[in-house]
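Student: Take the sequence shown: its position 65, counted from the start at 1, is 53 in the numbering used here, and no numbers get skipped. Even for Gly, the Cβ is constructed at its ideal location relative to N, Cα and C. Supplied in structure tokens, the structure appears directly below.
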Amino acid sequence: MHREDHAVTRIGWLRAAILGANDGIVSTASLIAGVAAAGAAQSSILVTGTAGLVAGAMSMAAGEYVSVSSQGDAEKADVELEKRHLAADPEFELEELTLIYQERGLDRALAEQVAVQLTDHNALDTHLRDELGLTIEMAARPVQAAAASAASFTAGAALPLATVLVDQGDTLPWTVSAASLVFLAILGALGARAGKAPMLRAVVRVTFWGAMAMAATIAIGSLLGTTVG
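Here you go:
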């Protein structure tokens, strides 16, 4: 049996994982680069980076859980509403399906036949899929999204944090920035491959915005370090 592997089946966890890893790299690298540019001691940089990793992972997990749970609540409300509509006026719902299939290119007779057969098979699932666009693949999974986001943020943040152990000199802001851009490029390439998207565009997108974030924090860190010092 031929089995097709579509990227849409991975969109839930893939989105959370890419977002988490990207945020982990960019936010932690920017934090380290900014503090280092201000002239902080290595111990302070390590504490700051570690605190940013922990806080960021918890924040990402909580944010994903809350937002995806809200999506799930909306989906459940739509399911209950559709159940009531089907119970109250099945003829109207059948006509609604017929019109949907007509708009997709079927003639009236065939649209009616398809609507009747699918309604007899599973009216609720048919309306959720064809009227509202709700499918199993796209269903809200808050725990999965939160776990993927927290784990990927931690993995992403650990990469620039490890750079602090390699470079302990004045060049740390540039070392962590350069290393993080490489990490972002790899992340963009992996995300594009998993999502079956153009690789170059994804790499340019993540590295450009990462570079902007780190440049801004280095500039602010340098300014504050000079002013305060």
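State buried or exposed for Phe284, treating a residue as buried only when at least 16 other CB atoms are found within 10 Å of its CB.
Tutor: One cannot answer for residue 284 here, as it falls past the ends of the chain, which runs -11 to 217.
Student: Can you have a look at Val170 and say buried or exposed, based on whether 16 or more other CB atoms are within 10 angstroms of its CB?
Tutor: By the neighbour-count rule (16 or more Cβ atoms within 10 Å), Val170 is not buried but exposed.
Student: To which residues of the same chain is Gln90 closer than 7 angstroms at the C-beta, ignoring the five residues directly before and after it?
Tutor: Same-chain partners within the cutoff: Arg96, Ala99.
Student: Within 10 Å of its beta-carbon, does Thr215 have 16 or more other beta-carbons around it, so buried, or fewer, so exposed?
Tutor: With a pLDDT of only 48 at Thr215, under 50, the local geometry of the prediction cannot be trusted, and the value read off the model is given with reservation. Burial call: exposed.
Student: Take the Cβ of Ala228 as the centre, count every other Cβ of all protein chains shown within 10 Å, and call the residue buried at 16 or more, exposed below.
Tutor: What is shown of the chain runs -11 to 217, which leaves residue 228 out entirely.
Student: What would DSSP say about Asp11, mapped onto helix, strand or coil?
Tutor: Reduced to three states, the DSSP call for Asp11 is helix.
Student: Quick one: what does DSSP say Val170 is sitting in, helix, strand or coil?
Tutor: Residue state, collapsed to three classes: helix.
Student: Spatial neighbours of Thr205 within its chain, please: CB distance less than 6 angstroms, with the 5 preceding and 5 following residues excluded, ordered by chain position.
Tutor: So the qualifying residues of the chain are Ser18, Ala21, Gly22.
Student: Would you mind sorting His115 into buried or exposed? The rule is 16 or more other CB atoms within 10 Å of its CB.
Tutor: Answer is buried; the Cβ neighbour count reaches 16.
Student: Determine the direct distance from the alpha carbon of Ala182 to that of Ala232, and round the result to whole angstroms.
Tutor: The first residue shown for the chain is -11 and the last is 217, placing residue 232 beyond what the model contains.
Student: Per DSSP, what kind of secondary structure is Asp61 in: helix, strand or coil?
Tutor: Residue state, collapsed to three classes: helix.
Student: Compute the beta-carbon to beta-carbon distance between Ala143 and Ala9, rounded to the nearest angstrom, for a pair I have assumed lies under 8 angstroms.
Tutor: Indeed, because the Cβ distance is near 6 angstroms, the residues count as touching under 8 angstroms.
Student: In three-state terms, what does DSSP make of Ile33?
Tutor: DSSP places Ile33 in helix when its eight states are reduced to three.
Student: Just to check my reading of the structure: Pro148 and Val164 have Cβ atoms closer than 8 angstroms, yes? What is that Cβ distance to the nearest angstrom?
Tutor: At roughly 5 angstroms, the Cβ-Cβ gap stays under 8 angstroms, so Pro148 and Val164 are in contact.
Student: Taking buried to mean at least 16 other C-beta atoms within 10 Å of its own C-beta, is Gly121 buried or exposed?
Tutor: Exposed, since its Cβ has fewer than 16 Cβ neighbours within 10 Å.
Student: Report the three-state DSSP secondary structure of Ala150 (helix, strand or coil).
Tutor: Of the three classes helix, strand and coil, the one that applies to Ala150 here is helix, per DSSP.
Student: If you scan the segment 79 to 167 from start to end, which runs of the alpha helix (DSSP H) of 4 or more residues do you find wholly inside it?
Tutor: If we require 4 residues or more, the alpha helix (DSSP H) runs fully inside the segment 79 to 167 come out as 96 to 118, 130 to 154.
Student: Report the residue from Leu112, Val56, Glu119 whose alpha carbon sits nearest the alpha carbon of Glu84.
Tutor: When only C-alpha atoms are compared, the closest one is Glu119.
Student: Just how far apart, CA to CA, sit Ala199 and Ala139?
Tutor: Taking the straight line joining both Cα atoms gives about 23 angstroms.
Student: Could you tell me whether the segment 149 to 164 touches the segment 25 to 35, using the rule of 3 or more Cβ pairs below 8 angstroms?
Tutor: Output reads yes: the segment 25 to 35 touches the segment 149 to 164.
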